[in-house]
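Using full-length UniProt numbering, read the sequence shown as starting at 1 and increasing by one per residue. Glycine is no exception: its CB is placed at the ideal position from the N, C-alpha and C atoms. For reference, the structure is listed below as structure tokens.
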Amino acid sequence: MQEREIKLLFKAGVFESCQAIPISMSRGWTLKFVTRDNDVVVLNLQRSKGEREFKSLDGAAAVAKRIGFEWLNVQIGDLKWREKVS
């Protein structure tokens, strides 16, 4: 799903949380959005259907903040924590 569509759904109260998940230790991060029904929505690239990848956690957090999230859930294997993004 495109960023602008996710932003509209966020404003409508559809999402419960935003998660940053590592793609692999060397490739970066991806954002996943969890709805109130526990469905997962993935942020796609603007010009294709592929998942958007971020080189840094800061880049992923900036997009989560731009969408409207105040907190970002980060997960690396069994390690989980929350980051304030605004």
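Report task. Would you list the one or two residues that DSSP bridges to L31? Result -> A20
Query - C-alpha distance - F33 paired with G59, whole-angstrom precision - result: 16 Å
Query raised in the report: For V63, which three-state DSSP category applies?
Result: helix
Query raised in the report: When we look at the beta-carbon of I6 and count the other beta-carbons within 10 Å, is it buried (16 or more) or exposed?
Result: buried
**Report entry** CA-to-CA distance, G50 to Q75, given in whole angstroms
**Finding:** Distance between the alpha carbons of Q75 and G50 is about 21 Å.
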